[in-house]
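This report concerns only the one structure given below.
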Amino acid sequence: MKIGYARKSTHLQDVAHQVDELTKAGCEQIGTVANSR
Numbered sequence: 001m002k003i004g005y006a007r008k009s010t011h012l013q014d015v016a017h018q019v020d021e022l023t024k025a026g027c028e029q030i031g032t033v034a035n036s037r
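Be aware that the sequence shown starts at 1, since it is given in full-length UniProt numbering, and climbs by one per residue.
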């Protein structure tokens with residue numbers, strides 16, 4: 001099983017592109033984190 005991790009460092013960024021790429025790479029579970037700054 002592949003597990004992916006997407007992160008955004010500002011409130012202006014979006015993790016959708018990262019999630020799409022991780023899905024294409026075969027990740028079955030993807031976690032996301034947003035920096036609180």
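We put the CB at the ideal spot given by N, CA and C, even for glycine.
The structure presented is a predicted model; accordingly, all values stated were derived computationally and were not measured.
- In this structure, DSSP gives Ala16 a helical state, which the three-state scheme calls helix.
- Thr32 places its beta carbon less than 8 Å from that of Ala6.
- About 5 Å separates the Cβ atoms of Lys8 and Ala34, confirming a contact at the 8 Å cut-off.
- CA-CA distance, Gln29 to Ala16, rounds to 14 Å.
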